[in-house]
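Some notes on the structure that comes next.
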Amino acid sequence: MVFLVVTVVADVTGVVLLGKAQGFERPGPLIGGVLALLLGFVLFSFATRTVPASLANAVWAGASIVLVVLLGRVFLRETITAPQYVCLGLILAGTVGIYLLAREPA
């Protein structure tokens with residue numbers, strides 16, 4: 043489970059850095075973002091040793107979506123509407139539900 047958490051952190055970091063890169067205009071964040079995303083994929087492969095791949099992917103995707111949107115608001119000054127917050131809550135609830143209802147322990 044630790045690998046899965048670190049995978050989410052690496053993925054979210056990579057996406058936020060890519061947003062900061064503004065396309066190919068800022069090479070530092072671009073390189074950092076690509077490296078963070080690559081690290082995330084490597085760590086995800088380790089996470090699937092102890093967590094079923096379907097569960098790991100659902101948690102990775104759901105947690106990454108919620109965190110990227112929230113951090114995009116903070117670091118990239120993106121706007122989030124009230125209905126979008128509701129949808130984020132639904133994504134989070136679904137992600138937690140899938141995790142808690144998994145037949146195989148993580």
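Numbered per this note's numbering, the sequence shown spans residues 43 to 148. Glycine included, every Cβ here is placed at the ideal spot set by N, Cα and C.
{"Check": "Is it right to say residue 98 is buried, meaning 16 or more other beta carbons lie within 10 angstroms of its own, or is it exposed?", "Outcome": "buried"}
{"Check": "Figure out for me which residue from 101, 124 and 120 has the closest Cα to the Cα of residue 134.", "Outcome": "101"}
{"Check": "Would you kindly report the start and end of the unbroken alpha helix (DSSP H) that includes residue 107?", "Outcome": "95–117"}
{"Check": "In three-state DSSP terms, what is residue 123?", "Outcome": "coil"}
{"Check": "Among the residues of its own chain, which have a CB less than 8 Å from the CB of residue 108, if the five just before and after it don't count?", "Outcome": "130, 133, 134 and 137"}
{"Check": "Taking residue 49 as the reference, which of 70, 83, 62 and 59 has the closest Cα?", "Outcome": "83"}
{"Check": "Look at the alpha carbon of residue 59 and the alpha carbon of residue 71, and state the distance between them as a whole number of angstroms.", "Outcome": "5 Å"}
{"Check": "Using a Cβ-Cβ cut-off of 6 Å (strictly less than) and excluding sequence neighbours within five positions of residue 104, which residues of its own chain qualify?", "Outcome": "133 and 137"}
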